[in-house]
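Chemist:
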Amino acid sequence: MNERQGAARGRGRREGRGGGPRAAEMGPSRAAVAARGVGGGGRAVNESRPLQERPRARDPLLPAGYKCRGARLGSAVGGAMARCEELQVSGYERCSRALDDNRGKTVFVYFTGSKSADGRSWCPDCEQAEPIVREALKNIPAGAVFIYCQVGDRSYWKDPNNEFRKNLKITAVPTLLKYGTPQKLVESECSKADLVQMLFAED
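First residue of the sequence shown: 1, per full-length UniProt numbering; consecutive thereafter.
(1) Start and end of the beta strand (DSSP E) containing S191?
(2) Can you give me the start and stop residues for the beta strand (DSSP E) that C126 sits inside?
(3) Classify A201: buried if its beta carbon has 16 or more other beta carbons within 10 angstroms, exposed otherwise.
(4) Decide yes or no for the touch test of the segment 176-183 against the segment 156-165: beta carbon pairs closer than 8 Å, at least 3 of them.
(5) Check residue 234 in the structure and name its three-state DSSP category.
(6) Kindly indicate which residue of E85, Q88, Y92 has the alpha-carbon position closest to the one of W157.
(7) From the DSSP output, in three-state form, read off Y156 for me.
(8) Please report the distance separating the alpha-carbon of E187 from that of L199.
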């Protein structure tokens with residue numbers, strides 16, 4: 001190899017390693033990608049990846065883990081979608097407020113002895129009647145309101161001057177009634193499925 005050939009070969013090697021003619025032939029965008037992937041400390045970008053496959057940013061207005069689903073009308077009762085709104089209240093004041101808030105609507109109220117921490121009521125008749133009442137809710141008119149009211153502990157309920165007895169004329173639990181009408185079921189009547197279904201279904 002003569003001196004002129006050696007100089008030419010050395011010049012070719014330098015141009016291949018640097019940003020010389022080979023990089024220019026690649027075009028500006030591809031040259032930048034190659035530079036980042038080789039010695040720039042960054043990662044090579046896969047420009048061929050379809051746009052729709054790239055991760056989508058989470059909507060900043062939604063909390064993490066939240067999935068937007070179609071709204072459903074009603075509340076879940078007994079594992080199925082109810083046709084009514086159910087309100088669960090405890091004590092006379094909250095019951096009275098719920099009744100006031102739903103004036104003009106069809107309202108059914110189920111009065112039961114309050115439950116302890118283990119989920120059981122001190123009233124055995126209430127325990128027996130509740131699953132029957134809940135099963136019959138499928139017959140309730142669409143758009144009605146069902147208020148589930150725990151009246152208090154046994155000692156409070158036995159007081160003849162408690163507010164439920166004085167103001168709402170509730171004399172026994174369980175009691176199921178259609179508010180503002182004479183339609184009412186008391187004690188063992190609440191455990192008779194046919195009577196409960198009739199109360200919910202009647203106009």
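Think of the CB as a built atom: it goes at the ideal place given N, C-alpha and C, for glycine as much as any other residue. Computed from a predicted model, the values in this text were never measured in an experiment.
Modeler: If we stick to the structure as given:
(1) Position 191 of the sequence shown, counted from the start, is the residue given in the question as residue 191. Neither: S191 is in no beta strand (DSSP E) and is coded neither H nor E.
(2) The count along the sequence shown starts at 1 and reaches residue 126 at position 126. Counting along the chain, C126 falls outside any beta strand (DSSP E), though it belongs to the alpha helix (DSSP H) covering 124-136.
(3) For the purposes of this step, residue 201 is taken as residue 201 along the sequence shown, with counting starting at 1. Label assigned to A201: exposed.
(4) no
(5) As shown, the chain starts at 1 and ends at 203. That puts residue 234 outside it, with no answer to give.
(6) Numbered from its first residue, the sequence shown carries residue 157 at position 157. For W157, the nearest C-alpha among the options comes from Y92.
(7) Counting from 1 along the sequence shown, the entry for residue 156 is found at position 156. Y156: helix per DSSP, three-state reduction.
(8) By one-based count along the sequence shown, residue 187 stands at place 187. By one-based count along the sequence shown, residue 199 stands at place 199. Spanning the two alpha carbons is a distance of roughly 14 Å.
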